[in-house]
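Worksheet for the structure shown next.
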Amino acid sequence: EKHPIFSFLGSLAENQISNKGAKALARSLLVNRSLMVLDLRSNSIGPTGAKALGDALKKNQILLSLK
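288 is the number of the first residue of the sequence shown in this note's numbering; add one for each residue after it.
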């Protein structure tokens, strides 16, 4: 019997992630096959970075929690 593997990326909260970093994360989310939890609280992500993440999440079916 196969058991699901739950992947957790240590918190990226308070890491001064900008729009550029958010866009890079968004590209990663498009090919994500294991990351289920992502914490991006208290960063410097603006509207364009947020839009990139939102667009990626529309296609990502693995991530279960984004803070």
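No residue lacks a Cβ here, since even glycine has one placed at the ideal position from N, Cα and C.
Helix, strand or coil at residue i [DSSP, three-state]
{"i": "L350", "result": "coil"}
{"i": "L325", "result": "strand"}
{"i": "R320", "result": "coil"}
{"i": "S315", "result": "helix"}
{"i": "A337", "result": "helix"}
{"i": "A343", "result": "helix"}
Integer-rounded CB distance, given that residue j should sit under 8 Å from residue i
{"i": "V324", "j": "S352", "result": "5 Å"}
{"i": "N306", "j": "G333", "result": "5 Å"}
{"i": "I304", "j": "L327", "result": "6 Å"}
{"i": "L344", "j": "L299", "result": "Not confirmed; about 15 Å, so no contact."}
Distance cut-off 7 Å: residue i Cβ against heavy atoms of the ligand SAH
{"i": "I349", "result": "Judged by which ligands are present, the structure shown has none, so any question about the ligand SAH falls away."}
8 Å CB neighbourhood of residue i in its chain, flanking five on each side removed
{"i": "A337", "result": "A309"}
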